[in-house]
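**Q**
Residue numbers (the numbering used here), protein chains in the order written: chain A, 2 to 345; chain B, 2 to 345; chain C, 2 to 345.
(1) Please list, in chain order, the residues of the region 294 to 306 of chain B that have any C-beta partner in chain A closer than 8 Å.
(2) Apart from the five residues just before and just after residue 187 (chain A), which ones in its own chain have a Cβ nearer than 6 Å to its Cβ?
(3) Using a Cβ-Cβ cutoff of 7 Å, what residues of the region 111 to 127 of chain C are near chain A? List them in chain order.
(4) Starting from residue 112 (chain C), follow the alpha helix (DSSP H) in both directions and report where the run begins and ends.
(5) Using Cβ-Cβ distances below 9 Å, what residues of the region 318 to 345 of chain A are close to chain B?
(6) May I have the straight-line CA-CA distance separating residue 225 (chain A) from residue 232 (chain A), to the nearest angstrom?
(7) Do we get a CB-CB distance below 7 Å when we pair residue 15 (chain C) with the residues of chain A?
(8) Closest by CA to residue 179 (chain C), which one among A:323, A:305, A:72 and A:28?
(9) If you drop the 5 nearest sequence neighbours on each side, which residues of the same chain put their C-beta closer than 8 Å to that of residue 291 (chain C)?
(10) I think residue 137 (chain A) touches residue 160 (chain A), with their Cβ atoms under 8 Å apart; what is that distance to the nearest whole Å?
(11) Residue 132 (chain A) versus chain B: which residues are under 8 Å apart at the beta carbon?
(12) Run the CB neighbour count on residue 129 (chain C), radius 10 Å, all protein chains shown included, and call it buried at 16 or more, exposed below.
(13) Among the residues of its own chain, which have a CB less than 8 Å from the CB of residue 140 (chain B), if the five just before and after it don't count?
(14) Output the boundary residues of the alpha helix (DSSP H) element that contains residue 293 (chain A).
(15) Can you name the start and end residues of the alpha helix (DSSP H) that residue 181 (chain A) belongs to?
(16) Where residue 24 (chain C) and residue 63 (chain B) are concerned, what is the direct C-alpha to C-alpha distance, given to the nearest angstrom?
(17) According to DSSP, simplified to helix, strand and coil, what is residue 35 (chain B)?
(18) Distance check for residue 163 (chain A) and residue 336 (chain B), CA to CA, integer angstroms please.
(19) In chain B, which residues lie with their C-beta within 8 Å of the C-beta of residue 309 (chain C)?
(20) Taking the beta carbon of residue 265 (chain A) as the centre, do at least 16 other beta carbons fall within 10 Å, making it buried, or is it exposed?
(21) Please compile the residues from chain C whose C-beta is within a distance smaller than 7 Å of the C-beta of residue 170 (chain B).
(22) Report the residues of the region 28 to 39 of chain A with a CB closer than 9 Å to any CB of chain B, ordered along the chain.
(23) Report the three-state DSSP secondary structure of residue 24 (chain B) (helix, strand or coil).
(24) Are there 16 or more other CB atoms within 10 angstroms of the CB of residue 54 (chain C), so buried, or fewer, so exposed?
(25) What's the call for residue 185 (chain B), buried or exposed, on a 16-neighbour Cβ count within 10 Å?
(26) Take every Cβ of the region 90 to 106 of chain A, pair it with every Cβ of the region 302 to 315 of chain A, and state whether three or more of those distances are shorter than 8 Å.
(27) Opposite residue 275 (chain B) in the DSSP bridges: which residues?
(28) State whether the region 207 to 225 of chain B contacts the region 25 to 36 of chain B, with contact taken as three or more CB pairs (one from each stretch) at a distance under 8 Å.
(29) Determine the closest residue to residue 75 (chain A) out of A:90, A:334, A:143 and A:282, with distance taken between C-alpha atoms.
(30) Which bits of chain C does residue 243 (chain B) rub up against, with CB to CB less than 7 Å?
(31) Figure out for me which residue from C:284, C:143, C:235 and C:326 has the closest Cα to the Cα of residue 301 (chain C).
(32) According to DSSP, what are the bridge partners of residue 323 (chain C)?
(33) Mapping DSSP to helix, strand and coil, what is residue 88 (chain C)?
(34) Contact check, residue 44 (chain C) vs residue 249 (chain C) under 8 Å by CB: the rounded distance?
(35) With 7 Å as the threshold, decide whether the Cβ of residue 161 (chain B) is near any Cβ in chain C.
(36) Look at the Cβ atom of residue 39 (chain B), then the Cβ atom of residue 11 (chain B), and state whether they are nearer than 7 Å.
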């Protein structure tokens, strides 16, 4: 986290580049770099507030704003009409969390510990929730691929509604009726490190700058595609998910190094579930309201990538143990999937 | 069950409508409603006879006539040349049992009991049999989608033959070589409630009326599609499976309320397996004989729906526990799949 | 094994047929038959050398030359430009090992023992490695189906590179960092049965004749396709994998009859993993070098067959027990898949 703070210095550079209207490619790069520490501060501040407001409201808060940075970036991308980028970044977030984050955590944790254990029952519960979330996300795509497309909008809205209801039910389950099943994660049970005023100020400023930098980033996508020959898909699937979740990723790896694989799994799988059940449907509604309809019509490749990422995670986590080879295998799968996008 | 008996009063209404040749839409609706209690009586009578003839012949009887009502409806639909309706109802029966019935059982049972346990080993055995049954069902479809179609008929017949042989082997397994593994289900171990004569009479009359009402129902499909704008697919995937299995469904929910989740799982998964291994192949042979060839060429959407339904059930049932959220998730998946068919 | 030796008598027949340039169909058949015992001797000799050089180098040897006969056959098929046959035989080897070999082992073992146990943890580890191997293999195919094909060659090379790196990592894992996790298999812990000289001589002669017979076999493919009406796909998916692995298959069944299901599973799943992680990528590189580019563009049908075979094996092996019905189900799935290829 501390080293990432150095990236805050890139913020003035990006603003300068924007004002000078100099190089959109450099603007894009500086926006990417500056979002990394900012999204980290947003996440940290949200966790602090969660401690102040108590476990239930705090759980709700984390559940709603856990992927806030990504939500902001994809909102501006959607506003700019980059629908394919948004869908690619939903795909990329899900597999990034499952394969890249979990893979790195298991690999690096596995270098330190020969075999790392985690709670099979909890992992199973998270995995089954993820699987059903993913099912909900892919069903309309498969249907729309094989049938008439005029129905894309009403169907996407209906499915988004059902997914958000299931998400609300899962919050009622974990925060109310079955809250004892989910052991409190170590971090949130800590006492707050920042004062209330400091927390709110940090959250406000970080969010403000994420908004600004997200606009810069989206502005720079077209020039980057035209100048560097990188595809929109690559930016959506690889770049946006990595910068939007970088801080979260480093937490997952740190926990693996402390042999707390349960938390690593919770971060990786929980974040993917949140994308599928909350972020994606929310973007469907937002797109409908702002007149940039986002159908859930993922490409066959996105579908297969999501399914294989989910199934791989399920199989790896079912035995309640991890080692460096499992991490390397997940990373290998991620690299193969990422490689494909370079050749688009 | 008792409330469902009131629906028997709809039988004379449907006959009246048929004789007057009045409204085919009302005829369709009345036929649907009257099949619900009739299929319940057929199932109950089959179980009674199973008790009289002893466990082995009884098991065979239940295995063969467990989905008799549905077999009769789909037979008449096939005879009328509604091949797509028949294939849709095979899909709908499989996911209806896995997602709707099991989902409702877990949801309603979960409202009463915080966590419900069931035998993991038995659930695993049923699930793996279901998975292999489903594999058999989808392989020819995938093959025929990607290769020449002229082979659809001989291939479908060959696959149907293999599936039925596996079904017969599974009966030998459960009723002969490994009968001790399958604990007798509570109901069939009860003593009979009806006399032999009463049982046979009820079975005969119920079957007779199911046959009549099935003809009415099939007769009404075209008018309903044209008048109400409901698609044939929707009738096949949603309507026919629900009315054909309604009585069975209520048993599954009742068992969940009695905390006997093992029986709920057995009904839901067992019935799906039976559809895939017995009903579907039988219809292929029947279609060949009556000159209405039924290939196993399911649409991509039907295939994905069947696969995701099976995998979801497998993941949910692998941990040997259920709760209301898992039920809600299965129901959510069912609603999303059903929603898609409304927009066809 | 002993009865298979009789097939060695077919070798002179095949050479005779080749010299006389008599019947290419008979040449094909005799080449097929003679490869069966030869590949058995190659495997046996490799195992003997593995004992002489010690566990680590021996493990490496088995891992590299375990599928040597198949590698030789597919090399000559590739050299002759029969790219589709090579891809089909990769598919066929994977499902042949998973469904045919494991199915037969469970079926025949299950006739002798009511229920056979095996190590769940080890089976789970093999299965998850297989799943990730298969993921790597299918991702490029799915991608290339939905996007532009010009990228097929560089993408296939890149993916092949990643797969081979993962394979090397898995060898480091099993032979170095976690060698204690993998219990030594019974055979390799035995003392050598042949002298060093005898072993080397047998290996040399067997390899030489496999090379000769593979050329005969490949030479005969076109005539067989034209004369007998058997498709290239059928030869690739069914014939080549069966003759290339026949000796290995008989070992797996023998182990099942000795109630050593762990070894049967290891042979079947391990061999499939080796095909996906080592043989397939190696053929990509070889094809590139000899100017017969082999993309990893499997057909949709091949993909589904590989996925369903893998998932079926995973589900069957997750409970740590097998019985004859599970064997029959795997065989049923194999027959259905094979049946489809007859109708091409």
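Glycine residues also receive a C-beta, built at the ideal position from the N, C-alpha and C atoms.
**A** This is what the structure gives:
(1) Of all residues in the region 294 to 306 of chain B, only 300, 301, 302, 305 and 306 come within less than 8 Å of chain A when Cβ atoms are compared, listed by chain position.
(2) Bear in mind that a pLDDT of 46 at residue 187 (chain A), under 50, signals an unreliable position, so the number given afterwards is only what the model happens to contain. Same-chain partners within the cutoff: there are none.
(3) 122 and 125
(4) 103 to 113
(5) 319
(6) If I take the Cα positions, the gap works out to 9 Å.
(7) no
(8) A:323
(9) 79 and 80
(10) 7 Å
(11) 312, 313 and 316
(12) Flag for residue 129 (chain C) reads buried.
(13) 160
(14) Counting along the chain, residue 293 (chain A) falls outside any alpha helix (DSSP H), and DSSP gives it neither H nor E.
(15) Looking at the DSSP string, residue 181 (chain A) is not in any alpha helix (DSSP H), and its letter there is neither H nor E.
(16) 56 Å
(17) Residue 35 (chain B) falls in the helix class under three-state DSSP.
(18) Going by the C-alpha atoms only, they are around 8 Å apart.
(19) By Cβ distance, chain B contributes 136, 139 and 140.
(20) buried
(21) 326 and 329
(22) none
(23) Three-state DSSP puts residue 24 (chain B) in coil, outside helix and strand.
(24) exposed
(25) Model confidence at residue 185 (chain B) stands at a pLDDT of 48, short of 50, so the residue's coordinates are unreliable; what they give is reported in the following sentence. Here residue 185 (chain B) is exposed: its Cβ has fewer than 16 other Cβ atoms, across all protein chains shown, within 10 Å.
(26) yes
(27) DSSP output for residue 275 (chain B) lists no bridge partner at all.
(28) yes
(29) If we check each option's Cα against that of residue 75 (chain A), A:90 comes out closest.
(30) Near residue 243 (chain B) there are no residues of chain C at all, since even the closest Cβ is about 28 Å away, more than 7 Å.
(31) C:143
(32) C:117
(33) Assignment of residue 88 (chain C) by DSSP, reduced to helix, strand and coil, places it in the helix class.
(34) 6 Å
(35) no
(36) no
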